[in-house]
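Q: Note that full-length UniProt numbering numbers the sequence shown so that position 587 is 587, with each residue one more than the last.
The structure is given below, and queries will be raised subsequently.
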Amino acid sequence: MSPYGKHQSISERRGSVLGEELSLNTHSAKLAQQHRPQPPLTPLGMNPSADFNQQLSAGSPPPPPTPAASPGPSQTQPDWSNAEEDESIVLSIMRENFLKATTPEKKRILEDIVNMCNSQQLSFILQLVSPRLKKDPMMSLPDELCLRVLSFIDDPKDLARASQVSRRWRDLVSDDMTWKNLCLKHDYQRRLSEVQTSMQYSNFLRPDPTSSFYQPYSAPATSVTFDDASSLRRPRSYKSHFKQRYLVDAAWRTGGRNITKNITQEGGVVTSLHLTKKYIIVALDNTKIHVFDTEGNELRTLRGHMMGVWAMVPWDDVLVSGGCDRDVRVWDLTTGVCMHTLRGHTSTVRCLKMSDANTAISGSRDTTLRVWDIRNGVCRNVLVGHQASVRCLEIHGDIVVSGSYDTTAKVWSISEGRCLHTLQGHYSQIYAIAFDGYRVATGSLDTSVRIWNAATGECQAVLQGHTSLVGQLQMRGGTLVTGGSDGSVRVWSLERFCPIHRLAAHDNSVTSLQFDDTRIVSGGSDGRVKVWDLKTGQLVRELISQGEAVWRVAFEAEKCVAMALRNSRTVMEVWSFSPPEDVLLDRHERQSFTLTPRPTIDAPVPERPSSAMDDSLIGNGMQDVDMPDAGPATAPLRPNASFFQASRGA
1 MSPYGKHQSI
11 SERRGSVLGE
21 ELSLNTHSAK
31 LAQQHRPQPP
41 LTPLGMNPSA
51 DFNQQLSAGS
61 PPPPPTPAAS
71 PGPSQTQPDW
81 SNAEEDESIV
91 LSIMRENFLK
101 ATTPEKKRIL
111 EDIVNMCNSQ
121 QLSFILQLVS
131 PRLKKDPMMS
141 LPDELCLRVL
151 SFIDDPKDLA
161 RASQVSRRWR
171 DLVSDDMTWK
181 NLCLKHDYQR
191 RLSEVQTSMQ
201 YSNFLRPDPT
211 SSFYQPYSAP
221 ATSVTFDDAS
231 SLRRPRSYKS
241 HFKQRYLVDA
251 AWRTGGRNIT
261 KNITQEGGVV
271 TSLHLTKKYI
281 IVALDNTKIH
291 VFDTEGNELR
301 TLRGHMMGVW
311 AMVPWDDVLV
321 SGGCDRDVRV
331 WDLTTGVCMH
341 TLRGHTSTVR
351 CLKMSDANTA
361 ISGSRDTTLR
371 VWDIRNGVCR
381 NVLVGHQASV
391 RCLEIHGDIV
401 VSGSYDTTAK
411 VWSISEGRCL
421 HTLQGHYSQI
431 YAIAFDGYRV
441 ATGSLDTSVR
451 IWNAATGECQ
461 AVLQGHTSLV
471 GQLQMRGGTL
481 VTGGSDGSVR
491 VWSLERFCPI
501 HRLAAHDNSV
511 TSLQFDDTRI
521 VSGGSDGRVK
531 VWDLKTGQLV
541 RELISQGEAV
551 WRVAFEAEKC
561 VAMALRNSRT
571 VMEVWSFSPP
581 EDVLLDRHER
591 QSFTLTPRPT
601 IDAPVPERPS
611 SAMDDSLIGN
621 GMQDVDMPDA
631 GPATAPLRPN
641 ASFFQASRGA
């Protein structure tokens, strides 16, 4: 009987079906093995997965569907000891063929290689290629565009970080135009005195072609000699100027160094305080005038007044003082000698100002003002007109304004010796006055501040806000700052005649007040000295917080002096905010200004300290000027080399 017609049992039919499925699966696995792409050859030319498949018996199940079969227990790892040698030969052949290929052929080769790579290899290619495709824009853009890009950076810390990117970036960041723009953004204008001394210094020193340092040269008879170099200041770049101002501002906020000196063993009232570039001068009601250097070291004590000294004004090395003994004395600060004793007043000399190096004007309780020639020791003129004590005065050019207890202020011509205008409007005594040449501000016991036109004598505005005596005034540009016995400090706009800030400064009277373009420093009878931000009105810090009272405060850009009563003793605190000189200058600047022999370069002594001059002269823009641009502070170019090559190869 044919096998196809034989009746099969259930078990036989089940076995035959199972055998057919096994045979079909084995046949399909063989076909898949034949058509599956082979893995790449190893350096020995072997295919481990193929050898492993050959070791399997025909009836074994197919290998797992992995990219490469795992070795069995009986198989040893392939030997790769000599793969590097064969691999280098293969790579060298590939390099030669790739270099000889045309551009389309190279693209085709790269495309084929990429198509054969797995995800890990493609990731490696990406990490290898990405940095090489990046391009530094500063290396290809012109200098002008690069500097324009850098001009949008406001934070100096960002510029400092940018200078560390590469030599090219450092050269661009070191360009003086970049730091000039930053100075303008931060209101770090350069002072007129610095410009003048820089110009003198640049004329005094010229580069010697045979030396890497600046050497003195034979100057014409009208120029500065080498011996005069000690009176000049090093000219600085805008970068050094910004760095100096930035570090000083930071020290005002959180740093600074201070020393404390005991002036008297018993309490004494400090009636006047002046801080100059060379001296700290303190006058007391005990007839003495103490002279210190700017570090707080006592130089000498001026003795001559018979009673308390209530007014004084310095000019360079000359000091003019007056007091309750009715005398005006002229002192030489370098020797401590009294050069002249000027007599004429019949009561206490209450205020003093100087219009130039030879002319001083005094105001007295005898209701008069006197104009003195301090060089010859004579009285030029007597200004009569007030009906009560002359309490305060200010000078601008040939004009002097005075405030009196007779509730009026007067505008005088010094040369003509006559009264030009009488300013009437206050209801009580005038205690403070400020003058900028155009406007007069007066503070009175009637709690108001009045603004006057100096040319016409008319009252332009009445500023209300204080609730007690206004005894402190300072005018600077378009800003007026006032302090009162109510403990408040107020900042006013002179363009709109309205308050800008109202500061609850002290618990009691404001005894001293001064401000500049950046900050306000106030002292009060509560024993505190506070520093305020002029633009925001925020409290920056307290310099002195422990004391019975603060008599006077005076400050310059990098120095602050406060006279206070502490433990029934008069003490002086001197704060310094100047950074060290070696921190200010960069390495190339320190090399540029090394002299042989090197003179001592000290700061020039101004003719008139800010504490003794008209406040308006400080803030009307006369001392802030625009500096000529300096060239880029880049490395010198090598012969026959472009700027970019020089930057990379320097």
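Quick reminder that beta carbons are idealized off the backbone N, C-alpha and C, glycines included.
Remember, predicted model here, so these are calculated numbers, not experimental data.
Taking its Cβ as the centre, do 16 or more other Cβ atoms sit within 10 Å of Ser223, making it buried, or is it exposed?
A: Confidence is the limiting factor: at Ser223 the pLDDT is only 31, short of 50, which leaves the residue's position unreliable and the question unanswerable from this model.
Q: What is the C-beta distance between residue 651 and Pro314, in whole angstroms, given that I count them as a contact (C-beta under 8 Å)?
A: Outside the modelled stretch of the chain, which goes from 1 to 650, sits residue 651, for which no answer is possible.
Q: Specify the secondary structure class of Tyr427 as computed by DSSP and reduced to three states.
A: Three-state DSSP puts Tyr427 in coil, outside helix and strand.
Q: Please go through the same chain and pick out, in chain order, the residues whose beta-carbon is closer than 7 Å to the beta-carbon of Gly344, but skip the five residues on each side of it.
A: So the list reads Arg370, Cys379, once near-sequence residues are dropped.
Q: Are the beta-carbon atoms of Ile433 and Leu494 separated by less than 8 Å?
A: Against a cut-off of 8 Å, the Cβ pair of Leu494 and Ile433 comes out as no contact.
Q: Which value, in whole angstroms, describes the spacing of the CA atoms of Ser576 and Glu558?
A: About 6 Å.
Q: What ranges does the alpha helix (DSSP H) occupy inside the region 509–533, keeping only unbroken runs of at least 4 residues that lie completely in it?
A: Taking only runs of at least 4 residues, no alpha helix (DSSP H) segment lies wholly in the region 509–533.
Q: Where do the ends of the alpha helix (DSSP H) carrying Asp373 lie?
A: Segment 369–373 is the beta strand (DSSP E) holding Asp373; no alpha helix (DSSP H) there.
Q: Name the one or two DSSP bridge partners that Met572 has.
A: According to DSSP, Met572 bridges with Lys261, Met563.
Q: If you run the structure through DSSP and keep just helix, strand and coil, what is Thr634?
A: With a pLDDT of 33 at Thr634, under the threshold of 50, the modelled position of this residue cannot be trusted, and the question is left open.
Q: Tell me the rounded alpha-carbon separation between His466 and Val510.
A: Distance between the alpha carbons of His466 and Val510 is about 12 Å.
Q: Does the ligand FAD have even one heavy atom less than 7 Å from the beta-carbon of Trp551?
A: By its list of ligands, the structure shown contains no ligand whatsoever, and the ligand FAD lies outside what it can speak to.
Q: Measuring CA to CA, which of Asn258, Trp331, Glu266, Ile395 is closest to Asn297?
A: Out of Asn258, Trp331, Glu266, Ile395, Asn258 has the C-alpha closest to the C-alpha of Asn297.
Q: Which complete beta strand (DSSP E) runs does the UniProt repeat "WD" (302–341) hold, if anything under 3 residues is left out?
A: Here the runs fully enclosed are 309–315, 318–323, 328–332.
Q: Taking the DSSP output, what are the residues bridged to Leu480?
A: Answer is Met475, Trp492, bridged to Leu480.
Q: Within this structure, are the beta carbons of Val550 and Ser488 separated by less than 8 Å?
A: In this structure, Ser488 does not lie closer than 8 Å to Val550 by Cβ.
Q: How should Thr254 be labelled, buried or exposed, when 16 other C-beta atoms within 10 angstroms of its C-beta is the threshold for buried?
A: Thr254 comes out exposed.
Q: Of the residues Leu539, Gly425, Met177, Asp526, which one's Cα is nearest the Cα of Arg552?
A: Arg552 has its Cα closest to that of Asp526, out of Leu539, Gly425, Met177, Asp526.
Q: Strictly by DSSP, which residues pair up with Gly443?
A: For Gly443, which the question treats as bridged, DSSP gives the partners Ala432, Val449.
Q: Output the boundary residues of the alpha helix (DSSP H) element that contains Arg170.
A: Element bounds for Arg170: 167–173.
Q: In this structure, does DSSP put Lys30 in helix, strand or coil?
A: Note that Lys30 scores 46 on pLDDT, short of 50, meaning its location in the model is unreliable; the coordinates nonetheless yield the value given after this. Three-state DSSP puts Lys30 in a helix.
Q: To the nearest angstrom, how far is it from the Cα of Thr334 to the Cα of Arg326?
A: Using only the alpha carbons, I get a separation of about 25 Å.
Q: Bridge partners of Ser364, per DSSP?
A: Answer is Val349, bridged to Ser364.
Q: Suppose you measure from the CA of Lys180 to the CA of Ile500; what does that come to, to the nearest Å?
A: In a straight line, the C-alpha of Lys180 is about 29 Å away from that of Ile500.
Q: Just checking my contact of Ser415 with Ser428 at CB under 8 Å: how many whole Å lie between their CB atoms?
A: The pair is not a contact, with the Cβ atoms about 32 Å apart (cut-off 8 Å).
Q: Please classify Val330 as buried or exposed, where buried requires at least 16 other C-beta atoms within 10 Å of its C-beta.
A: When all chains shown are included, Val330 counts as buried.
Q: Gln460 to Arg168, Cα distance in whole Å?
A: Approximately 57 Å between the Cα atoms of the pair.
Q: Just tell me which of Ser522, Leu133, Val491, Leu473 has its CA closest to the CA of Ile430.
A: Checked all of Ser522, Leu133, Val491, Leu473; the closest Cα to Ile430 is Leu473.
Q: According to the Cβ coordinates, are Gly322 and Gly308 closer than 8 Å?
A: Contact: no.
Q: Could you tell me whether the region 355–374 touches the region 400–407, where touching means 3 or more Cβ pairs closer than 8 Å?
A: Yes, the region 355–374 touches the region 400–407.
Q: Is Gly547 near Arg566, with beta carbons less than 8 Å apart?
A: Closer than 8 Å, so yes.
Q: Are the beta-carbon atoms belonging to Val269 and Asp285 less than 8 Å from one another?
A: For Val269 and Asp285, yes; Cβs fall inside 8 Å.
Q: Let me check understanding here. Comparing Cα to Cα, which of Asn358, Pro580, Ala564 lies closest to Ile263?
A: The option with the nearest alpha carbon to Ile263 is Ala564.
Q: For the putative contact between Arg528 and His506, defined by C-beta atoms under 8 Å, what is the C-beta separation to the nearest angstrom?
A: Right, the Cβ-Cβ distance comes to about 6 Å (below 8 Å), so this counts as a contact.
Q: List the whole-angstrom C-beta distance separating Val440 from Ile374, where the pair is believed to meet the contact cut-off of C-beta under 8 Å.
A: Not really, about 26 Å apart at Cβ, beyond 8 Å.
Q: Candidates Asp112, Asp317, Leu172: which alpha carbon is nearest Leu141's?
A: The option with the nearest alpha carbon to Leu141 is Leu172.
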